[in-house]
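If you count by my numbering, then the sequence shown holds residues 1 to 489, one letter each, in order. This report concerns only the one structure given below.
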Amino acid sequence: MFVSIVLLWLCVWVIILQLKSRRPKNFPPGPPALPILGNILHLRLENPLQDFERLRKIYGNVYSLYFGPKPVVVISGTKAIKEALVTKAADFSGRPQDLFVNDATQRKGVILADYGSSWREHRRFALMTLRNFGLGKNSMEERIHKELQYNIDTLEKSIGKTLSPQIMFHNMASNVICQVLFGRRFDYDDEFIKTIVQCFTENSKIANGPWAMLYDSLPMIRNLPLPFRKAFKNVVTCQNLAIPLVTKHKKTRVPGEPRDFVDCYLDELDKRVDDGSSFSEDRLIMYILDLHFAGTDTTSNTLLTAFLYLMAYPHIQERCQQEIDRVLQDKHQASFEDRHSMPYMQAVIHEVQRIANTVPLSVFHSTTKDTELMGYSIPKGTVIIPNLTTVLNEEGQWKSPHEFNPENFLNDQGEFVKPEAFMPFSAGPRMCLGEGLARMELFLIMVTLLRKFKFIWPEDAGKPDFTPVYGVTLTPKPYFMKVQLREKQ
């Protein structure tokens, strides 16, 4: 009798879950979902990008999946993504709050904050503060050039040798954002930078890997001692590294005379002490970790992609160097303003960003109310995955959508142009906070290094492998380079 009752309840439970997984009326189409598992078996958890493309070809640019019993809408192509993120931005600018990344970051950062007054306050503050600390001004340029000099020294010591650039580029990007956040840089063997870069790298892989997807799909496993717990430990490790820096700032700052981002935030806290605002010291810790991660991983992986392709296409590297030599001539160093005189260099940098596809699925969105997209009805709270890969290599948007070709960003007169499908930083209100800093870094770093050095693919390294490693950010597989000093032009 007891066994019969248990079996009956089990059948009822399965039926309820099955009904929950049925698509609502006029919901985007998609493959049939299994009870409990949803569509998890339709995706290769270690890298679902090809599966998303396969399903797009079957169901169109707006289709749905189920992560467990939770409906998810995947949007592809320039038209659908612009309608969602730009035209109907307010409807699609939420963030899902019941996912692995939210739990790991304790819901205190700005990137994953839900759409509302707290997010608006913090985003407005970040944009204003980053602008005041030199985006587009010489102060930020000088910080980048100063950090570059440490890498130039490293490369000069490696002339004629083979070296791995991974750690060098990660450390350089990390130190640039450290100067913005903390007003200081760290030696490359400093425990702070070594540990924080390692934690960011590990968490990037975990957050878009199979264990995170299982965490999101099967809530019953969330408290089990499985590999995703490593990400929670990494976040605590990073917090413990950041707390002493904030404590030191509190002791040494002069109110009203900010030296860096942390000082600006502490000044803002003083102003808002009694107004019930969302600014708090706890929030500051995750805020700066958010910005540090976003400013390190994407920029360093884009640089790694850039030099991989420049070595594989030496004629493109040489054409960049010819333009750099012609424009800079006897100038001591490059300025961000020089980009306006370097259309080919601009085209190469943008083509690197396009082909790198560093954040292929953007950061997941969610709907803030019942809405429509491309004729489909999307209920409030639905998770939205913008598949930026489908925009950055969309047929009809690019001259050469599936190969590395700077001509994608040049018109017939050789002038730099930016197609509307170029959105590596996403689009709309949730567009990447650090776009301005990233653009400046990529230009100054690439121009400065290409002006001084020639980068060569090692003869004994086989053919370059352009297949990226999947994670929150796509990362080039580790590779080696040889460096030569260029003859003085």
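We put the beta carbon where it would ideally sit given N, CA and C, even for glycine.
So Ile40 is in the alpha helix (DSSP H); what residue range does that whole segment cover?
Where Ile40 is concerned, there is no enclosing alpha helix (DSSP H), given that its DSSP letter is neither H nor E.
Based on the DSSP secondary-structure assignment, which residues constitute the bridge partners of Leu163?
Note: Leu163 sits in a beta bridge opposite Met481.
Locate the alpha helix (DSSP H) running through Val236, then write down its first and last residues.
Run containing Val236: Arg229 to Thr252, per the alpha helix (DSSP H) assignment.
Between the alpha carbons of Met311 and Ala421, how many angstroms are there, rounded?
When rounded, the distance between both Cα atoms is 27 Å.
Excluding five sequence neighbours on each side, which residues of the same chain lie with their C-beta closer than 8 Å to the C-beta of Leu41?
Excluding positions up to five away in sequence, the list reads Leu34.
Excluding five sequence neighbours on each side, which residues of the same chain lie with their C-beta closer than 7 Å to the C-beta of Gln353?
If we look at Gln353 and ignore the five residues flanking it on each side, its Cβ neighbours are Thr302 and Pro424.
Give the C-beta separation of Ile285 and Ile243 to the nearest angstrom, bearing in mind that I take them to be a contact with Cβ-Cβ under 8 Å.
Indeed, because the Cβ distance is near 6 Å, the residues count as touching under 8 Å.
Given a threshold of 16 other Cβ atoms within 10 Å of its Cβ, counted over all protein chains shown, does Ala90 qualify as buried or as exposed?
Exposed, since its Cβ has fewer than 16 Cβ neighbours within 10 Å.
Quick one: give me the first and last residue of the beta strand (DSSP E) that Thr371 is part of.
It spans Thr371 to Leu373 - the beta strand (DSSP E) in which Thr371 sits, taken as one unbroken run.
Taking the alpha carbon of Ile167 as the point to measure from, which residue in Pro478, Leu65 and Leu444 has its own alpha carbon closest?
Of the candidates Pro478, Leu65 and Leu444, the one whose C-alpha sits nearest the C-alpha of Ile167 is Pro478.
Between which residues of its own chain and Gln397 is the CB-CB distance below 7 Å, once the five residues before and five after are set aside?
Same-chain partners within the cutoff: Thr78, Pro419 and Ala421.
Should the stretch 278–297 be called in touch with the stretch 445–464, which here means at least 3 C-beta pairs below 8 Å?
Taking 8 Å as the limit for Cβ pairs, the verdict is that the stretch 445–464 does not touch the stretch 278–297.
Run through the stretch 107–136 for me and flag every whole alpha helix (DSSP H) of 4 or more residues, listed as ranges in chain order.
Those alpha helix (DSSP H) runs which fall completely within the stretch 107–136 and span 4+ residues are 117–132.
Which of the three DSSP states, helix, strand or coil, is assigned to His365?
It is a strand residue.
Identify which residue in Arg143, Tyr344, Asp103 and Phe261 has its Cα closest to the Cα of Arg229.
Per the Cα distances, Asp103.
Using beta-carbon positions only, say whether Gln333 and His145 come within less than 7 Å of one another.
Yes, they are a contact pair.
Ignore the nearest five residues each way along the sequence and tell me which others in Tyr59's own chain have a CB closer than 7 Å to its CB.
Taken in chain order, the residues that qualify are Pro29 and Gly30.
Measuring alpha carbon to alpha carbon, tell me which residue in Pro360, Thr475, His315 and Lys452 is nearest Asp153.
Comparing Cα positions, the closest option is Lys452.
Considering only the alpha carbon of each residue, which of Ile75, Leu269 and Asn132 lies closest to Leu361?
Of Ile75, Leu269 and Asn132, the residue nearest in Cα terms is Ile75.
Within 10 angstroms of the Cβ of Lys248, are there 16 or more other Cβ atoms? Answer buried if so, exposed if not.
Classification of Lys248: exposed, given that the 10 Å Cβ count is below 16.
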